[in-house]
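Once you know that position 265 of the sequence shown is 963 in our numbering, the rest is easy, because the numbers rise by one and skip nothing. For reference, the structure is listed below as structure tokens.
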Amino acid sequence: MSLKKAKEIIRQLHKNGHEAYIVGGVVRDQLLGRPLGDIDIATSAIPEMVQRIFEKTIPVGIEHGTVIVRMEGESFEVTTFRKEGEYEDFRHPSEVVFHDSIEKDLSRRDFTVNAMALSSDGKIIDPYSGKEDLANKLIRAVGNAEDRFQEDPLRMMRALRFISTLGFHLHQDTRLALISCGPLLKKVSVERIREEFTKLLLGRHCEQALKCIKEMRLDPFLPSGPFALTFNQVTKYDWNHLETAVERWAGLLIRIGVERPYDWLNEWKLPTILRKRISELVQIIRAEPDFSCDLTLYHYGVEQMVSASNVKRFMNEDPGVSEKHILNRYDQLSLKDRSQLAIDGNDLMDMVKRTPGPWIAEILEEIEQRVVKGEVKNTFPDIKEWINECKRPLESD
């Protein structure tokens, strides 16, 4: 997103007599030299004032002080400085009070590295020493860590996610609070935990975060329950061999020895299509496939076979072929899907004069295999010739 556009929003708020700052993770990431994501703005202006100042707004969370401002095709969340009351449901405050202090607004945030504000002239507002913690690669809760985790237990998963994505470690007080508050994760919806855990798995340092989960005994409070193995019982793997969320989930399942992947993933409420894809990938790996076999490549598809080769490397095993080899072999397949077959079930019935039945699928499958292996060309005349050679056993039910 554009810092220039965010600063224009701030300029207009200033013009109308209000304070405004860029806040949150974008300040942290700019200081770290990381790519910037969504840019949030905090202001002393109440939502109604924000709506009057800007032509294009969306009142997405106006009761909590948030208005989306559209600026030249981009969306920016603009939120009034606020102080929150007690958290009654481990997620939402019982009340939100607007005020005019950026320091008080920052006091409600989760970690010091996220509790900084950036003014339009480049000044950093840092009441909780977030810059120092960034320099020390430290994740430390704002104020009392137990209070922050009791307000919203998902913050524990966020702390672990930052370990994974940033390569940071936990401040001792925050670590102790994470251990003592671990059971509160049961109060958080599976969907929210899954979202944070997936981001954790995609981090460059997820091995470090996963070890923290085991060392702090947090895994019993995750959707699937305790991990079967401790991470100290196996050698360190290079997670950066795994490029996608599907590969990372599959790597985790293999790493901790999950026997029934589909059921295990169901506890995390992953979408059905993802559960099937991850479970199939684990199944492929455990079947020890021949990565140079055209039939195997045809059956599972190029994407799954590339992923399988990545997971094999993650396991410190050589799949025997490179990704380039798999892609080249796939390009050379004479058939990539049954729909490309030059013959169908109706053609078969016409040729051998039989009524429909299971035999159609059996013969089509055999034709598929012969075409993929190069034994029969994928043309109607060539397939018909092969069928005529086998016609006698097909002529009667």
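From the three backbone atoms N, C-alpha and C, an ideal C-beta is built for every residue, glycine too.
query: Beta-carbon contacts of Gln1067 that lie in its chain and below 7 Å, excluding the five residues immediately before and after; result: Leu993
query: Beta-ladder partner(s) of Thr741, from DSSP; result: Ala718 and Thr778
query: Neighbour-count burial assignment, Asp1035, 16 or more Cβ in a 10 Å radius; result: exposed
query: Where Ala875 falls, given that 16 or more other Cβ within 10 Å makes a residue buried; result: buried
query: Helix, strand or coil at Ser862 [DSSP, three-state]; result: helix
query: Sub-9 Å separation of Lys967 and Arg902 beta-carbons; result: no
query: Ser700 and Ala718 closer than 9 Å at C-beta; result: no
query: Whether Lys974 touches Tyr996 by CB criterion (9 Å); result: no
query: Ala815 (DSSP reduced to helix, strand or coil); result: strand
query: Sequence ranges, alpha helix (DSSP H) only - wholly within the stretch 1062-1087, length at least 4; result: 1078-1087
query: Local Cβ density within 10 Å of Glu830, reported as buried at 16 or more and exposed below that; result: exposed
query: Inter-residue spacing [alpha-carbon to alpha-carbon] between Ser878 and Asp727; result: 29 Å
query: Same chain only: Cβ atoms within 7 Å of Met769, ignoring 5 sequence neighbours per side; result: Lys703, Glu706 and Ile707
query: Unbroken beta strand (DSSP E) run spanning Met769, endpoints; result: Thr764 to Met769
query: Residue burial classification, Lys713 (beta-carbon count within 10 angstroms, cutoff 16); result: exposed
query: DSSP-derived helix/strand/coil call for Ser1007; result: helix
query: Contact the stretch 1068-1079 vs the stretch 1020-1030: 3+ CB pairs below 8 Å; result: no
query: Rounded separation between Glu905 and Glu978 - CA only; result: 23 Å
query: Whether Thr777 touches Ile720 by CB criterion (9 Å); result: no
query: Buried/exposed call for His797, threshold 16 Cβ in 10 Å; result: exposed
query: Phe774 versus Tyr826, Val765 and Lys912, residue with shortest Cα-Cα distance; result: Val765
query: Pro921 versus His762: straight-line alpha-carbon distance, rounded; result: 30 Å
query: Straight-line Cα distance separating Glu941 from Ala857; result: 23 Å
query: Beta-carbon gap between Gly923 and Met1013 smaller than 9 Å; result: no
query: Outcome for Val932 when other beta-carbon atoms lying within 10 angstroms are tallied against a minimum of 16; result: Residue placement at Val932 is flagged as unreliable, the pLDDT there being 48, under the threshold of 50; the coordinate-derived value follows with that caveat. It counts as exposed.
query: Coil, strand or helix - Ala839 by DSSP; result: strand
query: C-alpha gap between Leu1033 and Asn1076, whole angstroms; result: 8 Å
query: Own chain residues within Cβ distance below 8 Å of Asp1016, not counting five before or after; result: Lys1010
query: Limits of the beta strand (DSSP E) - the one that Gly759 falls within; result: Thr755 to Gly759
query: Range of the contiguous alpha helix (DSSP H) that encloses Trp1100; result: The structure shown has nothing for residue 1100, since the chain only spans 699 to 1095.
query: Same chain, Cβ closer than 7 Å to Gly722, five either side skipped, listed in chain order; result: Asp738 and Asn812
query: Close beta carbons around Lys835, own chain, < 6 Å, minus the five adjacent residues each side; result: Phe866
query: Thr810 burial status per 10 Å Cβ neighbour count (16 or more: buried); result: buried
query: Exposure label - Asn1044; buried when at least 16 CB within 10 Å; result: exposed
query: Proximity below 9 Å, CB of Arg853 to CB of Leu899; result: no
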